[in-house]
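Which chain is which? The protein sequence lines are A and B, in order. The numbering used here puts the first residue of the first sequence at 1, with every later residue one more than the last. The numbering used here puts the first residue of the second sequence at 1001, with every later residue one more than the last.
There are 2 protein chains.
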Amino acid sequence: MNGPDRTVVEICSALGDDTRWAILRRLEAGAASASALAEGLPVTRQAISRHLEILRGAGLVERERHGRELRYRAVGTRLGAAANQLGLMAAAWDRRLELLRERATSGTEPGQPG
Amino acid sequence: MNGPDRTVVEICSALGDDTRWAILRRLEAGAASASALAEGLPVTRQAISRHLEILRGAGLVERERHGRELRYRAVGTRLGAAANQLGLMAAAWDRRLELLRERATSGTEPGQPG
DNA sequence: ATTTAGTGCAATCATCCTGTTGCACTTCAC
DNA sequence: GTGAAGTGCAACAGGATGATTGCACTAAAT
Chain A
1 MNGPDRTVVE
11 ICSALGDDTR
21 WAILRRLEAG
31 AASASALAEG
41 LPVTRQAISR
51 HLEILRGAGL
61 VERERHGREL
71 RYRAVGTRLG
81 AAANQLGLMA
91 AAWDRRLELL
101 RERATSGTEP
111 GQPG
Chain B
1001 MNGPDRTVVE
1011 ICSALGDDTR
1021 WAILRRLEAG
1031 AASASALAEG
1041 LPVTRQAISR
1051 HLEILRGAGL
1061 VERERHGREL
1071 RYRAVGTRLG
1081 AAANQLGLMA
1091 AAWDRRLELL
1101 RERATSGTEP
1111 GQPG
């Protein structure tokens, strides 16, 4: 658990917005174009298009031409990897806390290194 | 996979910032106060204090009095739950894509519902 | 060729976020 | 009590972000 991948920060940043979650929820029901998404959300097509670019940059979404429209679909690969990494990190944090408690029980004070 | 928990969005938002990652990385090496953290990071103590409040609001960090100082430590419980949820979501997305490919192979076009 | 649907790009605006400085308050040490 | 360390709160500046409008471009349908 050295440092967080750049990708993870990017994914988290992308998932830190309500509108983007709304978009992803729509995409869970099937691929859709920016215009189609705009008809069900309280923002303009251009705003959604921008959000989709961010999601695509984070690897959460891919697009595909279908005639004159671009259909976006949610892709789980990157998100799965990020989730795994976060899970490991969380486990490490909890493990650390357990170790501290064990040492506390054995009477040794675990001061700050540095 | 109905909708994302409010907590997950908050956690993602909290993890979408580089300074906060830097703080968490420090906390992985041991609990520390805002002032102590400020000595190793290129931002002021007040800025760090604000970040710590955000991390605390997301449940990624807890604090504890030690004399006149407040020591913060990373807690994995919430993050673990969020990671799990994200992992399930990612798996669902990939599963959806597989289903589409299966149907495509059997000749049926999976148009958009709606 | 004209119309229509879908998209992209640029400029603009309001808002939020991050970081700063400055000051007041508490608490430990002397 | 005095000084120093640690913290909290408030006001402010700068930059990033989310959303809008307006216009131009491409591709399918008539």
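Where a beta carbon is used, it is the ideal one built from N, C-alpha and C, also for glycine.
Report task. Output yes if chain A places a C-beta closer than 7 Å to the C-beta of residue 1057 (chain B); else output no. Result -> no
**Report entry** Burial state of residue 1067 (chain B) (16 or more Cβ within 10 Å)
**Finding:** exposed
Query - Three-state secondary structure assigned by DSSP to residue 61 (chain A) - result: Here residue 61 (chain A) sits in strand by DSSP.
Report task. With a cut-off of 8 Å on the beta carbons, I'd call residue 1079 (chain B) and residue 60 (chain A) a contact; round off their distance for me. Result -> Between residue 60 (chain A) and residue 1079 (chain B) the Cβ distance is about 19 Å, and since that is not below 8 Å, they are no contact.
Query raised in the report: Under three-state DSSP, which class holds residue 101 (chain A)?
Result: helix
Query - CB contact below 7 Å: residue 1076 (chain B) versus chain A - result: Yes, residue 1076 (chain B) counts as interfacial toward chain A.
Requested in this report: Compare the C-alpha of residue 1006 (chain B) against each of A:57, A:7 and A:19 and name the closest.
Outcome: A:19
Report task. Spatial neighbours of residue 54 (chain A) within its chain, please: CB distance less than 6 Å, with the 5 preceding and 5 following residues excluded, ordered by chain position. Result -> 14
Report task. With DSSP as the reference, please indicate the residues paired to residue 71 (chain A) in a beta bridge. Result -> A:64
Report task. Compare the Cα-Cα distances from residue 1049 (chain B) to each of B:1096, B:1024 and B:1029 and report the closest residue. Result -> B:1024
Query raised in the report: Would DSSP call residue 1033 (chain B) helix, strand or coil?
Result: Strand at residue 1033 (chain B).
Requested in this report: From the DSSP output, in three-state form, read off residue 18 (chain A) for me.
Outcome: helix
Query raised in the report: Which chain A residues are close to residue 1043 (chain B), counting only those with a beta carbon under 8 Å from its beta carbon?
Result: Ordered by position in chain A, no residue passes the 8 Å Cβ test against residue 1043 (chain B), which lies about 17 Å from the chain.
Report task. Report the neighbours of residue 1013 (chain B) on chain A: residues whose CB is nearer than 9 Å to its CB, in chain order. Result -> 12, 13, 15, 16 and 17
Report task. Leaving aside the five residues before and after residue 1010 (chain B) along the sequence, list all residues of the same chain whose C-beta is less than 6 Å from its C-beta, in chain order. Result -> 1058
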